[in-house]
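**Q**
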DNA sequence: ATTCACACTTCCACTTAGTGGAAGCATAAG
DNA sequence: CTTATGCTTCCACTAAGTGGAAGTGTGAAT
């Protein structure tokens, strides 16, 4: 940790250091992959160098390792793109996350007659990891794998409600709070108040905040390894506030069952 | 593998070494991710140790790094699963691979009236990276992201035809040649002969080798960064051998256009 | 056609960052 | 409560990784 000679007033350049007990080169490799994803899946070596501040040879060596494993490809122009092997990995991850959940969502959708969704937080956004459409759903309002802002969705707010306020503020500071509809909460203070209400009443409401005409009730999945939430959503016409009275207890029961499943998966 | 005691004659323990100029710890981290994917997305630390032969502390340190980046999660049981961050990465990779291709596939499907597919090799299997369904296709015979054996599909054989025979033999040695239908080629020698024919005539035929009643014509995409193939497929009733006369030139022209696109993507 | 400039790749001496044996903790089983 | 099992931390050693400098290829400009 701090082998500081101390006498030197300035700390010896902490920079953006990797937390101790971790592997620097692996962390750097991951940073490169993330950068490429941010850049739309493609980047030149020198661009990566500019964005990381790492010397070219270091990046080149890391990229060669990723290349040999199929995690990146190299175009004849020498630019790099994310490689095909990542598809499999991502699918496996998605399957893993949604695996045990699907039966619960299907049962939930069948019982309540509306679409059930499971989402978890990934750094600053919520990702849908599983879904069961209701029989009479005209169209999907979302798909597995889609990422949504936390402040503007039922699952998002239900997830945030499980986090300390400080963490919530960090998240919205990083990604902002764009309005998806006129109903979207767009300032941090209102969001914190809303989260307090959610914690009190035990469930979140999204009333056209993500998409006009779509209402959604969501609850947290307690004790999930990654903060996770379960929701039921549908057109406001069918999904009224009286619907919540039926839906919320079922949601909460299912969330509790899901929690057990997620903690010790059937395998 | 073979930890031969032998005499001093053996080379000084090359073991399964990482090719020089690469980063050991990154390679190991990737190996861990791949192992987890193989194991269905979940594994205990000790299982990983057993499968890699690496000491526990080493694995633990690598996993901690992956954990802090969201590439793995840890269950309360302390077992590890692939993490949500991989979903995004996989999607970005898939989008990247299929991005420029979709317009070409759509045009192809429109012109020929059957489903167009683009697949590339990922180590031992072919992965579908883009697809355009024909208007009157009743159902999908495949989906983007699906992995198929190379020896039993049109795209697979068209990809193999771009590789040296030695590489082809390595692949089938690793994954075998299971029969999907009675038509599937199931021995290496016949496969090599088939590939020779494909190289000569310039396109591959899959006549019910993957699924009974489905015929498919496929061509390689020359000069793609990763060996890639383009195919058109449909029910044998509609996709006859006379159809090939129309389809193959169009396929080849599209493959050439695609090659340019893949080499210098539209930013 | 030849030169220049830029970007990627290879080389190699230095040393930091990674390694792994051994000890320390939890948690689950007996 | 005791033992067993499996995860986590510690730390001295050194192999593995790093990055400055030199080399190579590619594409643009003259």
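Protein chains in written order, with the UniProt record's numbering: chain A, 1 to 267; chain B, 1 to 267.
A virtual CB, placed ideally from N, CA and C, is assigned to each residue, including glycine.
On the CB-based measure, 16 or more other CB atoms within 10 Å of its CB, does residue 200 of chain B come out buried or exposed?
**A** Residue 200 of chain B should be labelled exposed.
**Q** Hey, quick one: how far does the beta strand (DSSP E) through residue 147 of chain A stretch, first residue to last?
**A** Its beta strand (DSSP E) spans residues 147 to 149.
**Q** Quick one: what's got a C-beta closer than 7 Å to residue 254 of chain A's C-beta in the same chain, skipping five residues either side?
**A** Answer for residue 254 of chain A: 104, 108 and 230, listed in chain order.
**Q** Using only the alpha-carbon positions, how far apart do residue 124 of chain A and residue 247 of chain A sit?
**A** Between residue 124 of chain A and residue 247 of chain A, the C-alpha separation is close to 28 Å.
**Q** Evaluate residue 157 of chain A with the Cβ neighbour count: other Cβ atoms within 10 Å of its Cβ, from every protein chain shown; 16 or more gives buried, anything less gives exposed.
**A** So residue 157 of chain A ends up on the buried side.
**Q** Tell me whether residue 63 of chain A sits in a helix, a strand or coil according to DSSP, three-state version.
**A** Here residue 63 of chain A sits in helix by DSSP.
**Q** I'd like to know whether the C-beta of residue 96 of chain A is nearer than 8 Å to at least one C-beta of chain B.
**A** Yes, its Cβ sits closer than 8 Å to a Cβ of chain B.
**Q** 8 Å is my cut-off, CB to CB: does residue 33 of chain A come that close to chain B?
**A** Yes, residue 33 of chain A counts as interfacial toward chain B.
**Q** Determine the chain B residues that contact residue 92 of chain A at a beta-carbon separation under 7 Å, and present them in chain order.
**A** Near residue 92 of chain A (Cβ distances below 7 Å), the residues of chain B are 37, 41 and 82.
**Q** Taking 8 Å as the threshold (beta carbon to beta carbon), is residue 226 of chain A in contact with chain B?
**A** Chain B, which has a Cβ nearer than 8 Å to the Cβ of residue 226 of chain A, makes this yes.
**Q** Is DSSP giving residue 241 of chain A helix, strand or coil here?
**A** Looking at residue 241 of chain A - three-state DSSP - the assignment turns out to be helix.
**Q** Ignoring anything shorter than 4 residues or poking outside the segment 95 to 138 of chain B, list the alpha helix (DSSP H) runs there in chain order.
**A** The qualifying runs are 101 to 112.
**Q** Please report whether the beta-carbon of residue 29 of chain B lies at a distance below 8 Å from any beta-carbon of chain A.
**A** Interface residue, yes.
**Q** Can you give the Cα-Cα distance for residue 111 of chain B and residue 161 of chain A, rounded to whole angstroms?
**A** If I take the Cα positions, the gap works out to 52 Å.
**Q** Just to confirm, is the Cβ distance from residue 126 of chain B to residue 144 of chain B under 8 Å?
**A** Going by C-beta atoms, residue 126 of chain B is not nearer than 8 Å to residue 144 of chain B.
**Q** Can you give me the C-alpha to C-alpha distance between residue 257 of chain A and residue 68 of chain B, rounded to a whole angstrom?
**A** Answer to the nearest angstrom: the Cα atoms are 27 Å apart.
**Q** Could you confirm whether any beta carbon from chain A is found closer than 8 Å to the beta carbon of residue 15 of chain B?
**A** Only weak support is given to the placement of residue 15 of chain B: the predicted model assigns it a pLDDT of 39, under 50, and the value that follows is read from those uncertain coordinates. No, because no Cβ of chain A sits closer than 8 Å to the Cβ of residue 15 of chain B.
**Q** Taking C-beta pairs closer than 9 Å, name the residues in chain B that residue 122 of chain A reaches, listed in chain order.
**A** By Cβ distance, chain B contributes 70, 83, 84, 85, 87 and 88.
**Q** According to the neighbour-count rule (16 or more other Cβ atoms, all chains shown, within 10 Å of its Cβ), is residue 212 of chain B buried or exposed?
**A** Answer is exposed; the Cβ neighbour count stays below 16.
**Q** For residue 71 of chain A, is the classification buried or exposed, using 16 other Cβ atoms within 10 angstroms of its Cβ as the cut-off for buried?
**A** So residue 71 of chain A counts as buried.
**Q** Taking all protein chains shown into account, decide if residue 170 of chain B is buried (16 or more other Cβ within 10 angstroms of its Cβ) or exposed.
**A** Answer is exposed; the Cβ neighbour count stays below 16.
**Q** Identify the contact partners of residue 22 of chain B in chain A, using a Cβ-Cβ distance below 8 Å as the criterion.
**A** The contacting residues are 61, 64, 65 and 68.
**Q** For the alpha helix (DSSP H) holding residue 156 of chain B, just list the boundary residues, first then last.
**A** 154 to 160 is the extent of the alpha helix (DSSP H) around residue 156 of chain B.
**Q** Output the distance between the C-alpha atoms of residue 79 of chain B and residue 220 of chain A, rounded to the nearest integer angstrom.
**A** One C-alpha to the other measures close to 22 Å.
**Q** Taking any Cβ of chain A, which residues in the segment 156 to 175 of chain B have a Cβ under 9 Å from it, in chain order?
**A** The residues in question: there are none.
**Q** Could you have a look at residue 194 of chain B and say whether DSSP puts it in helix, strand or coil?
**A** It is helical.
**Q** According to DSSP, residue 230 of chain B sits in a beta bridge with which residue or residues?
**A** Beta-bridge pairing links residue 230 of chain B to B/118 and B/219.
**Q** Does the separation of the CB atoms of residue 27 of chain A and residue 85 of chain B fall below 8 Å?
**A** Result no, Cβ atoms of residue 27 of chain A and residue 85 of chain B do not sit closer than 8 Å.
**Q** By a C-beta neighbour count over all protein chains shown, 10 Å radius and 16 as the cutoff for buried, is residue 206 of chain A buried or exposed?
**A** With 16 or more other Cβ atoms within 10 Å, it is buried.
**Q** Between residue 220 of chain B and chain A, is there a C-beta pair that is closer than 8 Å?
**A** For residue 220 of chain B, the answer is no, since every Cβ of chain A falls outside 8 Å of its Cβ.
**Q** Which word fits residue 56 of chain B, buried or exposed, when buried means at least 16 other C-beta atoms lie within 10 angstroms of its C-beta?
**A** With fewer than 16 other Cβ atoms within 10 Å, it is exposed.
**Q** Compare the C-alpha of residue 75 of chain A against each of B/167, B/226 and B/242 and name the closest.
**A** If we check each option's Cα against that of residue 75 of chain A, B/226 comes out closest.
**Q** If we count Cβ pairs, one from each stretch, closer than 8 Å, do we get three or more for the segment 48 to 62 of chain B versus the segment 43 to 62 of chain A?
**A** Cβ pair count under 8 Å is below three, so no.
**Q** DSSP three-state call for residue 183 of chain A: helix, strand or coil?
**A** Correct three-state label for residue 183 of chain A: coil.
**Q** For residue 41 of chain B, which residues from the same chain have a beta carbon less than 6 Å from its beta carbon, with the 5 sequence-adjacent residues on both sides left out?
**A** The answer, listed in chain order, is 81 and 82.
**Q** Cα separation between residue 113 of chain A and residue 119 of chain A?
**A** One C-alpha to the other measures close to 19 Å.
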